[in-house]
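Sequential numbering from 1 applies to the sequence shown in our numbering. We put the beta carbon where it would ideally sit given N, CA and C, even for glycine.
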Amino acid sequence: MQDKILTGGQALVRLLANYGVDTVFGIPGVHTLELYRGLPGSGIRHVLTRHEQGAGFMADGYARVSGKPGVCFVITGPGVTNAATAIGQAYADSIPMLVISSVNHTASLGKGWGSLHETQDQRAITAPITAFSAVALSAEDLPELIARAYAVFDSERPRPVHISVPLDVLAAPIRRDWSHEVVRRPGRGLPPADALEQAVAKL
């Protein structure tokens, strides 16, 4: 671990690496620079896509093939709406996908100031097609939200999760390094053998 102070975006990438993320799909943009600054040295491979919808579908495909949650990085507003088709597909097919997006500065949220790529309520756009959609209003919210996402992936019906991170949260130095605070993942339990045999007999 480097001694330098990490930004929220850099720490988030390191946290994802500690959850076993080895590949992310996306397109760098002015709103996601802090995420991309965190990639070098993280051990995570980035796959550049031509469009956010492609990033979403690649994350979906990665999850189907690998059995691990697919992860993509998208920008505020249009990046989220472009990825929504892939998110909806993953929702319908019970695919674990983690969509990390930027969103405008916390002070501007819901104000209608006309900030770059502003949408009225970005979280609400993906809420109907995700297990949950949340906004991290501080960097300290991120470990809890990522742990909640992996709880969905590991113990519930797998569905996409969307976490929006405001620009100021991505860029601000974190107060303490929480990037190694991975919540223990118990894994999905197996059904009793007799229940499986009964199901096979019925089929």
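Met1 in three-state terms, based on DSSP: Low local confidence applies: a pLDDT of 43 at Met1 is under 50, so the model's placement there is unreliable, with the coordinate-based value given in what follows. Residue state, collapsed to three classes: coil.
For Ser101: DSSP bridge partner residues: Val74 and Ser164
With 16 other Cβ atoms within 10 Å as the buried cut-off, status of Glu197: exposed
Rounded separation between Arg159 and Ala131 - CA only: 5 Å
Distance between Gly114 and Ala193 (C-alpha atoms, nearest Å): 58 Å
Under the three-state DSSP convention, the category Ala136 falls into: coil
Among Gln122, Pro28 and Ile174, the one whose alpha carbon lies nearest that of Thr81: Gln122
Where Leu116 falls, given that 16 or more other Cβ within 10 Å makes a residue buried: exposed
The segment 20-37 touching the segment 132-143, judged by at least three CB pairs closer than 8 Å: no
Delimiting residues of the alpha helix (DSSP H) encompassing Leu142: Asp141 to Ser155
Straight-line gap, Lys68 to Tyr62 (C-alpha atoms, nearest Å): 8 Å
Terminal residues of the alpha helix (DSSP H) in which Val13 lies: Gly8 to Asn18
Simplified DSSP state of Gly26, which is helix, strand or coil: strand
Neighbourhood of Ala127 by C-beta, 6 Å cutoff - its chain only, sequence neighbours within 5 removed: Ser133
Test item: CB-CB of Gly26 and Thr49 under 8 Å: yes
Alpha carbon of Pro143 to alpha carbon of Ala172, nearest angstrom: 16 Å
Spatially closest choice to Val165 from Val152, Val65 and Phe73, by CA coordinates: Phe73
Burial state of Gly54, where buried means 16 or more other Cβ atoms lie within 10 Å: buried
Same chain, Cβ closer than 7 Å to Asn18, five either side skipped, listed in chain order: Ser179, His180 and Val182
Nearest neighbour of Thr119, chosen from Gly88, Arg157 and Pro78 [CA to CA]: Pro78
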